[in-house]
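Chains as they are written, first to last, in my numbering: chain E, 1 to 461; chain H, 1001 to 1461. For glycine and all other residues, C-beta sits at the position ideal for the given N, C-alpha and C. All remarks here apply to the structure that follows.
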């Protein structure tokens, strides 16, 4: 069963009152919808929006499944070396589709997953100590094939694998990278390593449904065919020319209008689900890197994607959400059915006041808190919408991924920026190369080291 | 060695340019400092700010250590049942002070820690399946002694413990709660359970240095005496009457001025450390619940605390941070020394382009990226400050906790709100009770169930 979207509490004059999108502005957005979809269709025709075609790529799914089948039972650990778009989607799907606490108590003969998306020596060292190369598959993922963080990790784990495995290290390394660019592919080919390809026209933050996420998924036993089927269905709904039937168009238009007309620019994704919690981090990258841009006239635009998890954040952020500034819009994610629900036992003597919990399930409590919080924020005048998952499964998660990716692409058109580049991260990369002494960056090294950014007057020591 | 604060790039006309705090406003804040500290001193004298005295409570530290000693080696798992302030501090300290990946590979005879801070049946069920009651200590933590989420978990784990252990269940449950309020304490006393007390005048989000965080810490082997020593030193620095020597006063004043004078109200805590990453979540609750308030004239105020982790978020959020709207202020956390650093190996044939990494350590790369990103955001005109940890240890973490708690208390005075209540979460609680059918909430049940918050016109199905 597909996802549903309810945005009643997002429209001005609705149950939440005056904060919200002007209905007439929404009508204008509906009229504009055809030109927005046209702009996207043009980009797609020009070959720039590969992520829209990925769900139809059954051959890649089968290739990942075939490889996983060929190594089934051989590995206790899968270590993903990747960062940003090479890590966040896999993390999110692992939380949603693998059993909880899988790393502490692996089941069904599936390996544990470790995603190394930092260069902190404590994190890197922890994985090095935990995952014996003899029983580990290393999947190094870098679209560019030159990401400094990923490559430095690769050097370390490569050395460890060679040390433990000798010539057999090659069977423990799989490379996921661009089809031609970067020096990771030639290295893989020279060493006869198994490789998978990130399509050239799929950016990192849109790549979860390429081998970037599919290969770890195949190894961990997610239902990849259902994931892709859900994504394809989501894609089709989100390309609908009918604005009112197109969830991505509605989400993008409403959130964009709230930002530019009312200054409501903090977008809180608020899943009531432990399993969906890391979709928040995935979405943060998707929105931040796609929409946080300078427009052609030099102005900085873009919402701040922010996260919360129900019920946990009721005890952390809901005070701010309910009574703080009117600068936030909320997307609740409600889950109707939990595959493995648990009954709350009857209270023993002395805890009779908890009798109201008896006979209910944890799923019912979670859902009651979701409904209660949505109502409380609505009563507090806070614009919000709700995405409902009939259940959490590969298909519904795949659909949700696609909703967010297409909505982000639409929002890029509405903001008038390029949602598919990331020029703002270049300066930091170059400065890092300078500080690390990379050849060709000597001038940058001198510049960075002589930068005067600390004044004793403004130091507390 | 104590922490340092550098806010050079936060002052208008500094290296970051025009976005920042007006130096003359900062001068006025320095003059106002005595009245702010006076207001806080009055609250402290009235007994409301227990968190300031907690670091001197050596007796509680010793009691926690004594209990931990008495059960040393008996438990493979510690399961904390708690949410919000009963969970976030412990999670943060565990990430900072326990070995990495401890749950997957416990070391030094220390138990694994599971913090159950949601009622999602998948999370609850995962812990139930993973932590055998026969080798598990359950620490149920609820200051009020009636938190619905925590108590429903408690009913479940209590039943499991009785089932496995019979009458011996009592040796596997420790209760941390208020000294007199709530029905958890009488239950504990009737059953002869070990109890610890959350001081009445220490709110949940300020309670990490009470038995809430100390007892798990004692069981896991953190250096509690150093933690408290660092907190005491931090507290003393943060109560200094000299504005320029008081890190909490400077942080609070600068961030408050950026918010009210320039609309810079997204506060990004950006530690370059995997170990310090969960301090972000702890700080989010501290700031959001303390400062997200309605003022006496009904206006919603308060910054949005937001998080990022270096280097990971360079590949996720830095694009937005560098080029998006000028609505954010950044607090970098830089770590000078890593106890266990790792050298990056020399690249093998075919990867010679990575030669620049050779001979460096992961810690050096992490630090170069921190400096590079701080410079890049400064060059992009983004106000920022840097807290420097000489190293990550119990003492420095304790000091940092106190900086943030005192800064939040100061900010409460500057915003003119009560930083120690949370009236905005009540409506959701009451609605939940209604939906769960709690006695006495029948009218609320009727109200919630008849609320018209969904219009078919605004549904995408």
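Can you list, in chain order, the residues of its chain whose CB lies under 7 angstroms from that of residue i, leaving out five sequence neighbours each side?
{"i": "residue 181(E)", "result": "144, 145"}
{"i": "residue 75(E)", "result": "111, 135, 136, 137"}
{"i": "residue 225(E)", "result": "61"}
{"i": "residue 47(E)", "result": "201"}
{"i": "residue 1286(H)", "result": "1205, 1404, 1405, 1408"}
{"i": "residue 252(E)", "result": "407, 410, 411, 414"}
{"i": "residue 1011(H)", "result": "1020, 1021, 1023, 1026"}
For residue i and residue j, which I take to be in contact (beta-carbon distance under 8 angstroms), what is that distance rounded to the nearest angstrom?
{"i": "residue 230(E)", "j": "residue 403(E)", "result": "Contact doesn't hold; Cβ gap of about 10 angstroms is too wide."}
{"i": "residue 319(E)", "j": "residue 1288(H)", "result": "6 angstroms"}
{"i": "residue 1265(H)", "j": "residue 1327(H)", "result": "6 angstroms"}
{"i": "residue 301(E)", "j": "residue 417(E)", "result": "7 angstroms"}
{"i": "residue 453(E)", "j": "residue 1156(H)", "result": "Not really, about 53 angstroms apart at Cβ, beyond 8 angstroms."}
{"i": "residue 469(E)", "j": "residue 290(E)", "result": "It is not possible to answer for residue 469(E), since the shown part of chain E is limited to 1 through 461."}
{"i": "residue 1127(H)", "j": "residue 1079(H)", "result": "6 angstroms"}
{"i": "residue 1207(H)", "j": "residue 1324(H)", "result": "Contact flag wrong, Cβ pair sits at about 35 angstroms."}
{"i": "residue 100(E)", "j": "residue 1363(H)", "result": "At roughly 33 angstroms, the Cβ-Cβ gap does not stay under 8 angstroms, so residue 100(E) and residue 1363(H) are not in contact."}
{"i": "residue 383(E)", "j": "residue 258(E)", "result": "6 angstroms"}
{"i": "residue 1308(H)", "j": "residue 1268(H)", "result": "6 angstroms"}
{"i": "residue 113(E)", "j": "residue 94(E)", "result": "5 angstroms"}
{"i": "residue 1040(H)", "j": "residue 1272(H)", "result": "At roughly 31 angstroms, the Cβ-Cβ gap does not stay under 8 angstroms, so residue 1040(H) and residue 1272(H) are not in contact."}
{"i": "residue 419(E)", "j": "residue 279(E)", "result": "Their Cβ separation, rounded to whole angstroms, is 19 angstroms, which puts residue 419(E) and residue 279(E) out of contact at 8 angstroms."}
{"i": "residue 1052(H)", "j": "residue 1209(H)", "result": "Actually they are not in contact, since the Cβ atoms of residue 1052(H) and residue 1209(H) sit about 10 angstroms apart, beyond 8 angstroms."}
Would you say residue i reaches chain E, if we count a Cβ-Cβ gap shorter than 9 angstroms as a contact?
{"i": "residue 1127(H)", "result": "yes"}
{"i": "residue 946(H)", "result": "A question about residue 946(H) goes unanswered here, because the residues of chain H that appear run from 1001 up to 1461."}
{"i": "residue 1031(H)", "result": "no"}
{"i": "residue 1436(H)", "result": "yes"}
{"i": "residue 1112(H)", "result": "yes"}
{"i": "residue 1143(H)", "result": "no"}
{"i": "residue 1233(H)", "result": "no"}
{"i": "residue 1253(H)", "result": "no"}
{"i": "residue 1004(H)", "result": "yes"}
{"i": "residue 1038(H)", "result": "no"}
{"i": "residue 1094(H)", "result": "no"}
{"i": "residue 1328(H)", "result": "yes"}
{"i": "residue 1267(H)", "result": "no"}
{"i": "residue 1010(H)", "result": "yes"}
{"i": "residue 1380(H)", "result": "yes"}
{"i": "residue 1134(H)", "result": "no"}
{"i": "residue 1024(H)", "result": "no"}
{"i": "residue 1418(H)", "result": "no"}
With a threshold of 8 angstroms on Cβ separation, who are the neighbours of residue i within its own chain once the five nearest residues in sequence on each side are excluded?
{"i": "residue 241(E)", "result": "33, 34, 37"}
{"i": "residue 1295(H)", "result": "1301, 1415, 1416, 1417"}
Please go through the same chain and pick out, in chain order, the residues whose beta-carbon is closer than 6 angstroms to the beta-carbon of residue i, but skip the five residues on each side of it.
{"i": "residue 380(E)", "result": "322"}
{"i": "residue 87(E)", "result": "115, 117"}
If you measure from the beta carbon of residue i to each beta carbon in chain H, is any gap under 9 angstroms?
{"i": "residue 103(E)", "result": "yes"}
{"i": "residue 453(E)", "result": "yes"}
{"i": "residue 207(E)", "result": "no"}
{"i": "residue 123(E)", "result": "yes"}
{"i": "residue 211(E)", "result": "no"}
{"i": "residue 250(E)", "result": "yes"}
{"i": "residue 204(E)", "result": "yes"}
{"i": "residue 356(E)", "result": "yes"}
{"i": "residue 146(E)", "result": "yes"}
{"i": "residue 245(E)", "result": "yes"}
{"i": "residue 406(E)", "result": "no"}
{"i": "residue 321(E)", "result": "yes"}
{"i": "residue 443(E)", "result": "no"}
Could you check if residue i belongs to the surroundings of the ligand HEM, using beta carbon to heavy atom distance under 8 angstroms?
{"i": "residue 1044(H)", "result": "Looking for the ligand HEM in the displayed structure turns up nothing, as the structure carries no ligands at all."}
Task: Interface positions of the stretch 1389-1401 of chain H facing chain E (Cβ-Cβ less than 9 angstroms), listed along the chain - done: 1392
TODO: Determine which residues of the stretch 1341-1352 of chain H have a Cβ less than 9 angstroms from any Cβ of chain E, and write them out in chain order.
DONE: 1341, 1342, 1343, 1344, 1345, 1346, 1347, 1348, 1349, 1350, 1351, 1352
Task: the stretch 13-29 of chain E in contact with the stretch 178-193 of chain E per 3-pair CB rule at 8 angstroms - done: no
Open item on the list: Taking beta-carbon pairs under 7 angstroms, can you tell me which members of the stretch 168-193 of chain E lie near chain H?
Closed with: Against chain H - using a Cβ distance shorter than 7 angstroms - the residues of the stretch 168-193 of chain E are 183, 186, 187, 190.
TODO: Indicate whether the contact test is met: 3 or more Cβ pairs, each with one atom in the stretch 1365-1383 of chain H and one in the stretch 441-451 of chain E, closer than 8 angstroms.
DONE: yes
Task: Touch test, the stretch 383-401 of chain E against the stretch 210-229 of chain E, Cβ-Cβ under 8 angstroms, three pairs minimum - done: yes
Task: Under 8 angstroms (Cβ pairs) to chain E, residues found in the stretch 1359-1373 of chain H - done: With the criterion set as a beta carbon lying under 8 angstroms from some beta carbon of chain E, the members of the stretch 1359-1373 of chain H are 1360, 1361, 1362, 1363, 1364, 1365, 1366, 1368, 1369, 1371, 1372, 1373, in sequence order.
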